[in-house]
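S.K.:
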């Protein structure tokens with residue numbers, strides 16, 4: 004399974020999986036008549052449905068974000084930005100190689116850039132990157148909406164990565 008590109012796609016995956024597990028457990032408890040401590044044995048089903056709906060809401064937010072990025076790439080104005088900071092999100096781990104890893108080994112990076120448009124300076128964060136950006140001075144391309152310059156997208160293809 005490929006790694007998520009946005010926080011919203013990560014949330015959609017986690018909530019969707021949790022919702023399905025709760026619905027499955029609730030169905031198994033209900034069919035087999037296994038009692039749940041302090042409540043009815045079908046109670047996991049509505050909890051799973053609510054969690055699954057939360058996952059669908061996150062998926063819709065992710066799709067809207069992807070549409071906005073597509074719009075900015077096709078209709079937006081490209082400007083040159085400067086990398087301000089690079090953050091390593093060690094609280095997110097997406098293990099694809101082994102079951103156990105050290106903290107930060109399989110964690111994404113986020114690049115924060117600044118750009119100038121219309122005499123004002125704006126900042127924008129990139130999507131999740133699973134490769135560390137190079138420490139060199141970089142000026143990535145940023146696509147902005149001319150009607151609302153605060154809406155922007157960092158072109159990940161214009162960032163140099165460590166090998």
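Numbering (the working numbering), first residue to last: 4 to 166. Every residue gets a Cβ at the ideal spot worked out from N, C-alpha and C, and that includes glycine. Since the structure is predicted, the reported quantities are computational estimates derived from the model, not experimental observations.
If we count Cβ pairs, one from each stretch, closer than 8 Å, do we get three or more for the region 22-42 versus the region 66-86?
M.R.: No contact exists between the region 22-42 and the region 66-86.
S.K.: Could you compute how far the alpha carbon of residue 92 sits from the alpha carbon of residue 49?
M.R.: Distance between the alpha carbons of residue 92 and residue 49: 33 Å.
S.K.: Need the endpoints of the alpha helix (DSSP H) that residue 81 sits in, please.
M.R.: Segment 80-83 is the beta strand (DSSP E) holding residue 81; no alpha helix (DSSP H) there.
S.K.: Using three-state DSSP, classify residue 66 as helix, strand or coil.
M.R.: If DSSP states are grouped into helix, strand and coil, residue 66 belongs with the helices.
S.K.: Can you tell me the Cα-Cα spacing of residue 98 and residue 73, whole angstroms?
M.R.: For residue 98 and residue 73, the distance between alpha carbons rounds to 28 Å.
S.K.: Please report how far the alpha carbon of residue 133 lies from the alpha carbon of residue 110, in whole angstroms.
M.R.: Cα to Cα, residue 133 sits roughly 7 Å from residue 110.
S.K.: Bridge partners for residue 123 per DSSP, in chain order?
M.R.: Beta-bridge pairing links residue 123 to 120.
S.K.: What residue does the beta strand (DSSP E) around residue 155 start on, and which one ends it?
M.R.: Looking at the DSSP string, the run of the beta strand (DSSP E) that includes residue 155 is 151-157.
S.K.: Please confirm whether residue 86 and residue 123 have their CB atoms less than 9 Å apart.
M.R.: Contact flag unset, no.
S.K.: Quick check on this structure: which residue in 47, 5 and 108 has the alpha carbon closest to the alpha carbon of residue 135?
M.R.: Checked all of 47, 5 and 108; the closest Cα to residue 135 is 108.
S.K.: Out of 83, 148, 63 and 121, point me to the one whose CA is closest to residue 161's CA.
M.R.: Checking every option, the nearest Cα to that of residue 161 belongs to 83.
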